[in-house]
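According to mature numbering (1 follows the signal peptide of the UniProt record, and there is no 0), the sequence shown holds residues -21 to -1, 1 to 117 in order.
Structure, as structure tokens:
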Amino acid sequence: MHPSRHRLILLAATTAATVVAGTLGTVVASAAAVGCRVDYQITNQWQGGFGANVTITNLGDPVNGWALTWSYAAGQQVTQAWNATVTHSGAQVTARNVDHNAAIATNGSTSFGFNGSWTGSNPVPSSFALNGTTCTGT
């Protein structure tokens, strides 16, 4: 085989292997592990009001920026929050990170607290989702 033809075949084979390896690496990297656990604790309760603390544990890949959602079954409202920005849309509640707690490492956790109001009863929410993924971890 002529030396320049040999180099050309070797170059083509190397290029093809690089393209295949890059494609395989992309497929593997796109599958992120997800999972979370939420501990919602009512820390204080009085007629018409309550205090709560929420701890999020990330059981999946690290996150940088989070939104935790839940719904209140009895019309409760968050009136004041710390270590999160909380908004309502009907019964749906969304708590978003603040700058200092945006990152949650794998198996890491972060907490936020709030005061809220209630009328009639104050049941604990039954389901939470972190960045759209239902938290099922125990």
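No residue lacks a Cβ here, since even glycine has one placed at the ideal position from N, Cα and C.
Could you give the DSSP three-state label for residue i: helix, strand or coil?
i: Asp78; result: helix
i: Gln26; result: coil
i: Leu38; result: coil
i: Val13; result: coil
i: Asn32; result: strand
i: Leu109; result: strand
Exposed or buried, which one is residue i when buried takes at least 16 other CB atoms within 10 Å?
i: Asn43; result: exposed
i: Thr85; result: exposed
i: Asn23; result: exposed
i: Ile21; result: exposed
i: Thr89; result: buried
i: Gln55; result: buried
i: Ala52; result: exposed
i: Ala74; result: buried
i: Gly4; result: Unreliable positioning characterises Gly4 in this predicted model, as indicated by a pLDDT of 36, which lies under 50. The coordinate reading is nonetheless provided below. Exposed, since its Cβ has fewer than 16 Cβ neighbours within 10 Å.
i: Ala81; result: exposed
Could you round the C-beta distance between residue i and residue j to whole angstroms and report it? I think they count as a contact, below 8 Å.
i: Thr48; j: Arg16; result: 15 Å between Cβ atoms; not a contact.
i: Thr34; j: Gly95; result: Not really, about 17 Å apart at Cβ, beyond 8 Å.
i: Tyr19; j: Val103; result: 6 Å
query = Three or more C-beta pairs closer than 8 Å, one from the segment 20 to 27 and one from the segment 56 to 74: is that the case here?
reply = no
Requested in this report: Quick one: which unbroken alpha helix (DSSP H) runs of 4-plus residues sit fully inside the segment 41 to 96? Chain order, please.
Outcome: none
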